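For the sequence shown, the numbering used here assigns the number 54 to the initial residue and increments by one for each residue that follows.
The C-beta atom is built at its ideal place from N, Cα and C for all residues, glycine as well.
Quantities reported herein were computed from a predicted structural model and do not represent experimental measurements.
Only one structure is covered here, and it is reproduced in the block below.
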Amino acid sequence: MKLLLASNNAKKRAELVRILGGHGIEVVVPADLGLALDPVEDGATFAENARKKALAFAAATPLPVLADDSGLAVDALDGAPGVRSARFAGEPSDDARNRRLLLERLADVPDAKRSARFVCALALAQEGKVLAEASGACEGRILSAERGHGGFGYDPLFLDPGSGLTFAELDSSRKDALSHRGRALTHLVESLRRLGWIEGRAP
Ligand code: IMP
């Protein structure tokens, strides 16, 4: 199976390519097809935004299109930054500014109340129709200072309680195994197998 990844975020795309490659799925990115689309992400939920992005790119190619909408939900902030994770500190999107703002907003919140989760919604669309959807989440805690240099976005502030490491300290295969994106992709690949789009068993 070959699909277009409907994302302009290079770091996120790299994770999706890595995980999908492990399932034998061939991936092309918008630049490979000369596509430069930036669909408005104004949905109220991650799932709505993922569907919008997948359908917008699917209008420009006959290939099946996979879109990911994801972000961080912090309990002490009533679920913020949520669907606004990429633009939390304003436009244009800037990961370092977003992390600084998150630390400011949580400055008075004690460790025990800094629970949070990453959420990922995936949508696969083709010819004007959504063919499959999946989601995944992972629980963690927001630190009061950054740790680690891997990953992207809020990773240096997101502590995985099981390993005691932030997502920026975990190596990439470990992040993929634990992350919201890895979990959502596992569910999506299961659906694609059931639909007969891909063969074989999970690696
Ligand atoms: P999207 O392109 O609108 O889905 O934006 C996702 C935003 O959520 C990114 O810009 C990051 O700020 C954040 N995010 C999503 N997934 C991750 C992750 O795996 N690690 C760190 N931050 C993430």
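>> Can you tell me whether residue 245 is helix, strand or coil according to DSSP?
In response: Residue numbering aside, residue 245 sits at position 192 when the sequence shown is read from its first letter. Note: residue 245 maps to helix in three-state DSSP.
>> Below 6 Å, is the gap between the Cβ of residue 17 and the nearest heavy atom of the ligand IMP?
In response: Here the chain comprises residues numbered 54 to 256, so residue 17 is not present and cannot be evaluated.
> Between residue 122 and the rest of its own chain, which residues show a CB-CB distance below 6 Å, the 5 nearest in sequence each way excluded?
Replying inline: Taking the sequence shown and counting its residues from 1, the one referred to as residue 122 is at position 69. Cβ neighbours of residue 122 beyond the five flanking positions: 99, 102, 103, 174.
>> Let me check one thing: in DSSP terms, what residues is residue 92 bridge-paired to?
In response: To locate residue 92, count along the sequence shown from 1; it is residue 39. In DSSP, residue 92 forms no bridge with anything.
> According to the neighbour-count rule (16 or more other Cβ atoms, all chains shown, within 10 Å of its Cβ), is residue 226 buried or exposed?
Replying inline: Within the sequence shown, the letter at position 173 stands for residue 226. That one is exposed.
> Apart from the five residues just before and just after residue 68, which ones in its own chain have a Cβ nearer than 6 Å to its Cβ?
Replying inline: The residue you call residue 68 lines up with position 15 of the sequence shown. For residue 68, where only same-chain residues beyond five positions count, the Cβ hits under 6 Å are 234.
>> Quick check on this structure: which residue in 76, 223, 75, 125 has the alpha carbon closest to the alpha carbon of residue 191?
In response: Translated into the one-based positions of the sequence shown, residue 191 becomes position 138. Selected option, being the one with the closest Cα: 125.
>> Please classify residue 64 as buried or exposed, where buried requires at least 16 neighbouring CB atoms within 10 angstroms.
In response: As a position in the sequence shown, residue 64 is number 11, starting the count at 1. With fewer than 16 neighbouring CB atoms inside 10 Å of its own CB, residue 64 falls in the exposed class.
> How would you label residue 222, buried or exposed, when you count the other beta carbons within 10 angstroms and need 16 or more for buried?
Replying inline: The residue you call residue 222 lines up with position 169 of the sequence shown. Residue 222 should be labelled buried.
>> Does the beta-carbon of residue 208, which I'm using as the reference point, lie nearer than 6 Å to any heavy atom of the ligand IMP?
In response: Here the question's residue 208 lines up with position 155 in the sequence shown. Within the cutoff, so yes.
> Which full runs of the beta strand (DSSP E) of 3+ residues lie inside the region 178 to 219, going along the chain?
Replying inline: As for any beta strand (DSSP E) of minimum length 3 sitting wholly inside the region 178 to 219, the runs are 182 to 195, 211 to 213, ordered along the chain.
> How should residue 256 be labelled, buried or exposed, when 16 other C-beta atoms within 10 angstroms of its C-beta is the threshold for buried?
Replying inline: In the sequence shown, counting from the first residue as 1, residue 256 sits at position 203. At residue 256 the pLDDT is 46, less than 50, meaning the model places this residue with poor confidence and gives no usable figure here.
>> Give me, in chain order, the residues of the same chain whose beta-carbon lies closer than 8 Å to that of residue 112; leave out the 5 immediate sequence neighbours on both sides.
In response: Within the sequence shown, the letter at position 59 stands for residue 112. Only 181 meet the Cβ criterion.
> What's the call for residue 90, buried or exposed, on a 16-neighbour Cβ count within 10 Å?
Replying inline: In the sequence shown, the residue the question calls residue 90 occupies position 37. Exposed: under 16 other Cβ atoms inside 10 Å.
> Should residue 83 be labelled buried (16 or more other beta-carbon atoms within 10 Å of its own) or exposed?
Replying inline: Here residue 83 refers to the residue found at position 30 of the sequence shown. Burial call: buried.
>> Going by DSSP in three states, residue 60 sits in which element: helix, strand or coil?
In response: Here residue 60 refers to the residue found at position 7 when the sequence shown is read from its first residue. Looking at residue 60 - three-state DSSP - the assignment turns out to be coil, as it is neither helix nor strand.
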